[in-house]
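K.L.:
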Amino acid sequence: MANLIKNGDIVANDWTTITLDAEVSPGDVKLPYGNVLLPLAVWQARKWDLIQRQWHSLDGGGKLGVWLSPDEDPAVLAEDLQDLDVIAVRFPAAGDGRGYSIASLLRIRYGYKRELRAIGTVERDYLHFLHRVGFNAFEIENPEAALASLGDFSEAYQPAVDQPLPLFRRSGLALAA
Amino acid sequence: MYAYTETDRRIVAERVIQYRDQTRRHLASELSADQFRPLRLQNGLYVEKHNPMLRIAIPYGQLSAPQLRLLAHVARSYDRGVGHFTTRHNFQLNWVRLGQVPDILAELAQVDMHAIQSSGSCIRVVTTDPLAGVSPVEVADPRPWAEIFRQWSTLHPEFAALPRKFKVAFSGGPDDAASVRTHDLGFEMVRDAAGDVGFRVWVGGGLGRTPILAQVVREFLPWTDLLSYAEAILRVYNLAGRRDNLYKSRIKILVQSLGIKAFAQRAEAEWQHLKDGPLTLIAAEVARIADQFAAPDYETLTDLDARFEFMRRFDREFAAWVKTNTHAHRQPGYVAVTLSLKAPGQAPGDATAEQLDAVAELAERYGFGELRTAQTQNLILPDVRKRDLYNLWQETRKEQLATASVGLLTDIVACPGGDLCSLANARSLPLAAAIQQRFGDRGELVDIGALRLNISGCVNACGHHHIGAIGILGVDKNGEERFQITLGGATGPGAAIGDVIGPSFPAAEVPETVARIVDHYRACRRPKEGFIDTVRRIGTKSFAAAAYAQEISIIEDEREVANG
Ligand code: SF4
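Quick note, the sequences are listed as chains Y and B, same order. Residues in the first sequence are numbered consecutively from 1, following the numbering used here. Residues in the second sequence are numbered consecutively from 178, following the numbering used here.
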């Protein structure tokens, strides 16, 4: 289960990712005990029940998270950020870069502060980019080796989540201007 | 020319280290071929028909003499001593070894060169007018803006996996020498009423399988907003561009399906969140970069040079070369010179290591040690004194770089085609040679005048056949290598996509077909009317009739036999 890198450390992944199959409607899907990462449709159908379940159970119940497909607009979660401990974005393939924009929007436009996790096809050679756009957790094979790739670059030109100012605003010139 | 800072250097060096490890893991089977593919592509490495090909970036076409010498060195040490200049400011080595590419990149890094984003589904090498900074007609020098854009687009984390490749060009002015109209995103330098510089922004152009000309998405973008607006466009494309079909994934298809108005609204809405944010450019940074493109130490000269004028009258061959291969310069007494890579028998755009070394030396002796690569697959010395032209001409002749054909029919632009490229339907290079041979008569060539002829080996259109006044496209018909001809293509403000004139021709018939088309032009033109204008005036149908004349007579012959 230790296939999770979080904040630069390898940790146990104690979350269950729920997927929907065609026969079950989002309202009916059975949820296990513990921390659950839900498809957006399940979250939207059962938001209030799920929040109440958390309030009413003695140990706080499991934590709640939602995962987004690359075709889902993160704006729909803008009002729910306080209720979620994890937002994950699924990468169907390494070459599908929509998740990078989704992450940027969640962090910068909607101000999401908690765990943002990359799931699906996550490969070490993209960790630098994923980290820059705001992911701080990665479900990845062979995380020990992958950790090294987080440090592939020590500097970058563009502003992003890890560094809100572009290089040109961090040089002496910019300060003098 | 822009000088790398420590940080610029560090980023390139770290990419070399990263890529070396990626190559190592691939060779150790830790990275599958599919996993390695996008990684090597984003570093310019294709696996071609016979061999891997490495595409080295020459951002906005600007090269120094030491850089050119290094290209000569890598061509000699890691390849067969020849390299190829493409239509988009790249230098390709066709016979490298996969395992040696990290070493090549490490050598390139020594002179601040790399292969970052020269291929793959990302923002590609930014291009501009090869006469930027010396052109007498430009509104402003586009190179500082291209450099600012290069930095922003280098390893941009959000746009590392776009739906498809994304090509960006900057044109210095209304002559659109960088062809913003055929790019995914183009910036044309303009000034507003107050005289402040900014950009007219074009989007959704591109050649390839579905050629489309770009449209204006914003009439005036203040310079401060260059990067924030680009980020907005790219974000809209990254999220909304199609990913289900490779042939429909360029931004031109998105712009077409939404319509330019709706696309512009989406870009504008996205931009409202980014505008005036940290990407807003600051004057100090623009000045830091623009200073490095300041005019070199020109001599104060008169525009009329007695020696030059004398030699021009005295030596007709020299005069012919001056006419085609030199270009007006903003500084009196200076011209820009095209060193032709179209010598008969040489593949268009190819240069040997010896030629590259020679050009580096010429750039130092006859200029300020700088040169440019042109979209026409030639090299340009940007700052040559008229006084020195005769000597320069004689030296370039020794190196086979003085073919006096720039802008004429034999200044053919051709992709590498079937000799090297695994996607090709047909071989472009032997055809280019055959056409050059057919038009070997200088008098005829000059009489035909300005004419762009482009050859692509397949629909991917790397030879830009759509925008050639005569475009030739390799097609495959039941395994036979044939060529389709288009007429009327053009770049610049009058940009147009050529019309297909009819069924394809076997390779052997193409040179004579081109000759019939050209003869038709010579028969129909009005005084001083150029080829493209005659095509526009009388229409491609009229030319098609001429082109197929011979075929029609063959068909008639057959009928006579059948009837006889
Ligand atoms: S146009 Fe086709 S044949 Fe020519 S280089 Fe491009 S992909 Fe290869």
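Using N, Cα and C, we set each Cβ at its ideal position, and we do this for glycine too. Quick caveat, the model's predicted, so the values are computed rather than measured.
I'd like to know whether the C-beta atoms of A338 of chain B and G95 of chain Y end up nearer to each other than 8 Å.
P.N.:
As a working note, residue 338 of chain B is residue 161 in the second sequence. As a working note, residue 95 of chain Y is residue 95 in the first sequence. In contact: A338 of chain B and G95 of chain Y (Cβ atoms closer than 8 Å).
K.L.:
Quick one: does the C-beta of N271 of chain B sit closer than 7 Å to a heavy atom of the ligand SF4?
P.N.:
Position 94 of the second sequence holds residue 271 of chain B. No; taking the cut-off as 7 Å, the Cβ of N271 of chain B has no heavy atom of the ligand SF4 nearer than that.
K.L.:
Heavy atom of the ligand SF4 less than 7 Å from the Cβ of C701 of chain B, yes or no?
P.N.:
In the second sequence, the residue the question calls residue 701 of chain B occupies position 524. It does not: the Cβ of C701 of chain B is nowhere closer than 7 Å to a heavy atom of the ligand SF4.
K.L.:
So if I threshold CB-CB distances at 8 Å, which residues from the stretch 216–227 of chain B count as touching chain Y?
P.N.:
Residues L216.
K.L.:
Looking at T359 of chain B and G383 of chain B, is the spacing between their C-beta atoms short of 8 Å?
P.N.:
Looking up residue 383 of chain B in the second sequence gives position 206. Looking up residue 359 of chain B in the second sequence gives position 182. Yes, the pair counts as a contact, with Cβ atoms nearer than the cut-off.
K.L.:
If you reduce the DSSP assignment to three classes, tell me which class A739 of chain B lands in.
P.N.:
Taking the first residue of the second sequence as position 1, residue 739 of chain B is located at position 562. Note that A739 of chain B has pLDDT 40, beneath the 50 cutoff, so the model's placement of it is unreliable and no number is given.
K.L.:
The stretch 131–161 of chain Y: which residues have C-beta closer than 7 Å to a C-beta of chain B, in chain order?
P.N.:
Correct list: R132, V133, D152, F153, S154, E155, A156, Y157, Q158, P159, A160.
K.L.:
Flag N631 of chain B as yes when its Cβ comes closer than 7 Å to any non-hydrogen atom of the ligand SF4, and as no otherwise.
P.N.:
Here residue 631 of chain B refers to the residue found at position 454 of the second sequence. No; taking the cut-off as 7 Å, the Cβ of N631 of chain B has no heavy atom of the ligand SF4 nearer than that.
K.L.:
In the DSSP assignment, find the beta strand (DSSP E) that holds E658 of chain B and state where it starts and stops.
P.N.:
Here residue 658 of chain B is taken as the residue at index 481 of the second sequence, counted from 1. 657–664 is the span of the beta strand (DSSP E), which, as asked, contains E658 of chain B.
K.L.:
Let's test the definition: count the other Cβ atoms within 10 Å of the Cβ of G741 of chain B and tell me whether it reaches 16, buried, or not, exposed.
P.N.:
Residue numbering aside, residue 741 of chain B sits at position 564 when the second sequence is read from its first letter. Low confidence applies here, because G741 of chain B scores a pLDDT of 36, under 50, leaving its location unreliable; read the following figure in that light. The residue is exposed, with fewer than 16 neighbouring Cβ atoms inside 10 Å.
K.L.:
Curious, which full-length alpha helix (DSSP H) runs of at least 4 residues does the stretch 73–107 of chain Y contain?
P.N.:
Counting only runs of 4 or more, we get 98–104.
K.L.:
Would you say Y181 of chain B lies against chain Y (beta-carbon separation less than 8 Å)?
P.N.:
Numbered from 1 along the second sequence, position 4 holds the residue referred to as residue 181 of chain B. Chain Y, which has no Cβ nearer than 8 Å to the Cβ of Y181 of chain B, makes this no.
K.L.:
Looking only at its chain, what residues have a beta carbon closer than 7 Å to the beta carbon of H128 of chain Y, apart from the 5 residues adjacent to it on each side?
P.N.:
Walking along the first sequence from the start, residue 128 of chain Y turns up at place 128. If we look at H128 of chain Y and ignore the five residues flanking it on each side, its Cβ neighbours are S149, L150, D152, F153.
K.L.:
Mind listing the chain B neighbours of P74 of chain Y? Cutoff is C-beta to C-beta under 7 Å, in chain order.
P.N.:
The residue you call residue 74 of chain Y lines up with position 74 of the first sequence. Chain B residues near P74 of chain Y: none, gap ~10 Å exceeds 7 Å.
K.L.:
Answer yes if the stretch 155–164 of chain Y comes into contact with the stretch 10–24 of chain Y, meaning at least three C-beta pairs across the two stretches below 8 Å, and no otherwise.
P.N.:
Because the criterion of three Cβ pairs below 8 Å is not met, the stretch 10–24 of chain Y and the stretch 155–164 of chain Y do not touch.
K.L.:
Relative to the alpha-carbon of H697 of chain B, which residue among B:Q552, B:T717, B:A370 has its alpha-carbon at the smallest distance?
P.N.:
Within the second sequence, the letter at position 520 stands for residue 697 of chain B. It is B:T717 whose Cα lies nearest to the Cα of H697 of chain B.
K.L.:
In this structure, how does DSSP classify I410 of chain B when only helix, strand and coil are distinguished?
P.N.:
Indexing the second sequence from 1 puts residue 410 of chain B at position 233. Looking at I410 of chain B - three-state DSSP - the assignment turns out to be helix.
K.L.:
Step through the CB atoms of chain Y and report whether any lies within less than 8 Å of the CB of T401 of chain B.
P.N.:
As a first step, residue 401 of chain B must be located in the second sequence, where it is residue number 224. Answer no: the Cβ-Cβ gap between T401 of chain B and chain Y never drops below 8 Å.
K.L.:
I'd like to know if A176 of chain Y contacts chain B, where contact means its C-beta is closer than 8 Å to some C-beta of that chain.
P.N.:
Translated into positions along the first sequence, residue 176 of chain Y becomes position 176. Bear in mind that a pLDDT of 46 at A176 of chain Y, under 50, signals an unreliable position, so the number given afterwards is only what the model happens to contain. True, the Cβ-Cβ gap to chain B drops below 8 Å.
K.L.:
What separation, rounded to the nearest whole angstrom, lies between the Cα atoms of E737 of chain B and I662 of chain B?
P.N.:
Working through the second sequence from its first residue, we reach residue 737 of chain B at position 560. Working through the second sequence from its first residue, we reach residue 662 of chain B at position 485. A caution first: E737 of chain B carries a pLDDT of 42, below 50, which makes its placement in the model too unreliable to give a value.
K.L.:
Within the present structure, is the beta-carbon of N13 of chain Y separated from the nearest heavy atom of the ligand SF4 by less than 7 Å?
P.N.:
Counting from one through the first sequence, the residue named residue 13 of chain Y turns up at place 13. Checking the Cβ of N13 of chain Y against the ligand SF4 gives no.
K.L.:
Flag A12 of chain Y as yes if its beta-carbon sits less than 8 Å from any beta-carbon of chain B, otherwise no.
P.N.:
Start at 1 with the first residue of the first sequence, and residue 12 of chain Y comes out as number 12. No, its Cβ sits nowhere closer than 8 Å to a Cβ of chain B.
K.L.:
Given that L339 of chain B touches chain C, what residues does it touch there, using C-beta distances under 7 Å?
P.N.:
The structure shown contains no chain C; its protein chains are Y and B.
K.L.:
By alpha-carbon positions, which one of B:Q552, B:V311, B:E447, B:A471 ends up nearest to N631 of chain B?
P.N.:
Position 454 of the second sequence, counting from 1, holds the residue named residue 631 of chain B. Out of B:Q552, B:V311, B:E447, B:A471, B:Q552 has the C-alpha closest to the C-alpha of N631 of chain B.
K.L.:
Between R484 of chain B and R564 of chain B, is the Cβ-Cβ spacing less than 8 Å?
P.N.:
Position 307 of the second sequence, counted from the start, is the residue given in the question as residue 484 of chain B. Position 387 of the second sequence, counted from the start, is the residue given in the question as residue 564 of chain B. Yes, the Cβ-Cβ distance between R484 of chain B and R564 of chain B is below 8 Å.
K.L.:
Have a look at R197 of chain B and A472 of chain B and give me their C-alpha separation to the nearest angstrom.
P.N.:
What you label residue 197 of chain B is simply residue 20 of the second sequence in a count that begins at 1. What you label residue 472 of chain B is simply residue 295 of the second sequence in a count that begins at 1. Rounded to the nearest angstrom, the two C-alpha atoms are 38 Å apart.
K.L.:
Following the continuous beta strand (DSSP E) through V393 of chain B, name the residue where it begins and the one where it ends.
P.N.:
Taking the second sequence and counting its residues from 1, one reaches residue 393 of chain B at position 216. From DSSP, the beta strand (DSSP E) with V393 of chain B extends over 392–399.
K.L.:
When the distance is taken between beta carbons, is R90 of chain Y closer than 8 Å to L68 of chain Y?
P.N.:
Residue mapping note: residue 68 of chain Y aligns to position 68 of the first sequence, counting from 1. Residue mapping note: residue 90 of chain Y aligns to position 90 of the first sequence, counting from 1. Yes, these two residues count as a Cβ contact at 8 Å.
K.L.:
Is the beta carbon of K786 of chain B less than 8 Å from the beta carbon of D624 of chain B?
P.N.:
Shown here, chain B extends from 178 to 741; a query on residue 786 of chain B therefore has no answer.
K.L.:
Ordered along the chain, which non-local residues of its own chain (more than five positions away) have a Cβ less than 6 Å from that of F440 of chain B?
P.N.:
As a first step, residue 440 of chain B is located in the second sequence; it is residue number 263 there, counting from the start. Cβ neighbours of F440 of chain B beyond the five flanking positions: V432.
K.L.:
For chain Y, is any of its Cβ atoms less than 8 Å away from the one on H450 of chain B?
P.N.:
Locating residue 450 of chain B in the second sequence gives position 273, where the first residue counts as 1. Cβ-Cβ to chain Y under 8 Å: yes for H450 of chain B.
K.L.:
Just to confirm, are Y181 of chain B and D289 of chain B a CB contact at a threshold of 8 Å?
P.N.:
Within the second sequence, numbered from 1, the residue matching residue 181 of chain B stands at position 4. Within the second sequence, numbered from 1, the residue matching residue 289 of chain B stands at position 112. Contact flag set, yes.
K.L.:
Terminal residues of the continuous beta strand (DSSP E) containing G620 of chain B?
P.N.:
Looking up residue 620 of chain B in the second sequence gives position 443. Unbroken run through G620 of chain B is the alpha helix (DSSP H), 619–625; no beta strand (DSSP E).
K.L.:
C299 of chain B: beta carbon under 7 Å from a heavy atom of the ligand SF4?
P.N.:
By one-based count along the second sequence, residue 299 of chain B stands at place 122. No.
K.L.:
Under 7 Å Cβ to Cβ from L218 of chain B, same chain only, skipping five residues before and after it: list those, please.
P.N.:
As a position in the second sequence, residue 218 of chain B is number 41, starting the count at 1. Answer for L218 of chain B: S296, G297, listed in chain order.
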